[in-house]
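Numbering (my numbering), first residue to last: 2 to 138. Structure first, commentary second.
As structure tokens, then:
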């Protein structure tokens, strides 16, 4: 279906977007669910690292797919994620420590931002899902 006018890095972008969207879904969850989704393993570190690396990858490969407003919202989320203190991220690898880390107040605005971004990006998520042939329930 692709035409010659599609940028060559549409494939990279679509994959990057898919992984970033997965991180957004995790970011939007509450602390307990986040810990469960990551199997109580390096939860805060993994979420922060995945959000930053996948978010940057989207911004680095995006062409005309996202509006300036959408890109700006992604950048602002990434700035807030980048600001999560090391003390929250570098915790002992125990269930209790992960729950405590994910219940830190610094996550509250980030969860709200993630929820808003999921809504703002819903059209692009549908487009990417169609490209990747992903069916959501």
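A virtual CB, placed ideally from N, CA and C, is assigned to each residue, including glycine. These figures come from a predicted structure and were not determined experimentally.
Proximal residues to residue i (C-beta, below 7 angstroms), its chain only, five neighbours per side dropped
i, result
"residue 98", "92"
Element boundaries [alpha helix (DSSP H), containing residue i]
i, result
"residue 97", "96-103"
"residue 131", "123-133"
"residue 227", "Examination of residue 227 is not possible in this model, given that the chain is present from 2 through 138 alone."
Residue i versus residue j - alpha carbon distance
i, j, result
"residue 66", "residue 133", "15 angstroms"
"residue 95", "residue 31", "18 angstroms"
"residue 19", "residue 87", "27 angstroms"
Residues near residue i by beta carbon distance below 8 angstroms, same chain, minus five either side
i, result
"residue 111", "28, 78, 81, 82 and 85"
"residue 109", "none"
Three-state secondary structure (DSSP) of residue i
i, result
"residue 116", "helix"
"residue 110", "helix"
| Which parts of the region 32-94 are runs of the alpha helix (DSSP H), unbroken and 4 residues or longer, counting only runs that do not cross its ends? | Qualifying alpha helix (DSSP H) stretches, in chain order: 32-38, 44-62, 69-83 and 87-90.
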